[in-house]
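Reminder that position 124 of the sequence shown reads as 129 in our numbering, one-by-one numbering, no gaps. Cβ coordinates follow ideal geometry from the N, Cα and C atoms, glycine included. Since the structure comes first, as structure tokens, the remarks are kept for the end.
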Amino acid sequence: MARQDETEELEQNIFFKSLKLRCPDLYKLAAEQQKVICVPCQLSTQGLPLNRTNFEQHIIQPSPFFAGVYETVNGKTLDFEAPYIETKDGFHEKRKVRILFEELHYNSDYKPFRVLCISQPFQGGTKAV
């Protein structure tokens, strides 16, 4: 049987599709500013509200002050040490989320930005992988 990370199609992932359809401005911001979009695997999104707040906490960028620390669009912090991302300040609970795989996407200026498929959301949802 194939593992979840071998069969996931990001373009078919409900979280990723909803981000693009419901909050195209956020997707455009992430693409243009070459931020990292973290997409929870499909099975882990059960019960996860697909709203702006959840999308904002899954778009991250490196902290300008601390190595290995990333910040979400809505001001929360994470420790990023591949293959894991660990939630820190601003999240309701501490989670260590595994990066399943990475894809490189391109913005309208043909500049790359990263899209990571992660084992579960940083907050809420279910643990699937």
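So, for residue i: in the same chain, excluding its five sequence neighbours on each side, which residues have a beta-carbon less than 6 angstroms away from its beta-carbon?
i: Asp94; result: Thr82
Can you give the Cα-Cα distance for residue i and residue j, rounded to whole angstroms?
i: Ile19; j: Lys99; result: 24 angstroms
i: Asp105; j: Ile90; result: It is worth fixing the name first, because residue 105 is Leu in this sequence and not Asp. Near 11 angstroms, if we compare the C-alpha coordinates of Ile90 and Leu105.
i: Pro117; j: Arg57; result: 23 angstroms
i: Arg103; j: Pro69; result: 23 angstroms
i: Tyr140; j: Thr77; result: This structure cannot settle anything about residue 140, because the visible part of the chain is limited to 6 through 134.
i: Ile42; j: Leu34; result: 11 angstroms
Considering only the beta carbon of each residue, do residue i and residue j sit closer than 7 angstroms?
i: Pro45; j: Gln125; result: yes
i: Lys40; j: Tyr32; result: no
i: Arg17; j: Thr131; result: The sequence as given places Gln at residue 17; Arg does not occur at that position. No, these two residues do not count as a Cβ contact at 7 angstroms.
Apart from the five residues just before and just after residue i, which ones in its own chain have a Cβ nearer than 7 angstroms to its Cβ?
i: His97; result: Gln128
i: Leu15; result: Phe21, Val44, Glu108, Val120, Cys122
i: Gln47; result: Glu13, Asn18, Ile19
Thinking just about the alpha-carbon of each residue, which of the options is nearest to the one in residue i?
i: Phe108; options: Asn79, Gln51, Ala36, Asp84; result: The sequence given here has Glu at residue 108, not Phe. Nearest of Asn79, Gln51, Ala36, Asp84 to Glu108, Cα basis: Ala36.
i: Ala72; options: Leu48, Tyr115, Phe85; result: Phe85
i: Ala87; options: Thr77, Lys101, Pro54, Leu55; result: Lys101
i: Ser113; options: Glu61, Val74, Gln38; result: Gln38
i: Ser23; options: Tyr111, Pro54, Gly80; result: Pro54
Evaluate contact between the segment 61-74 and the segment 120-134, counting only Cβ atoms and requiring at least three cross-stretch pairs below 8 angstroms.
yes
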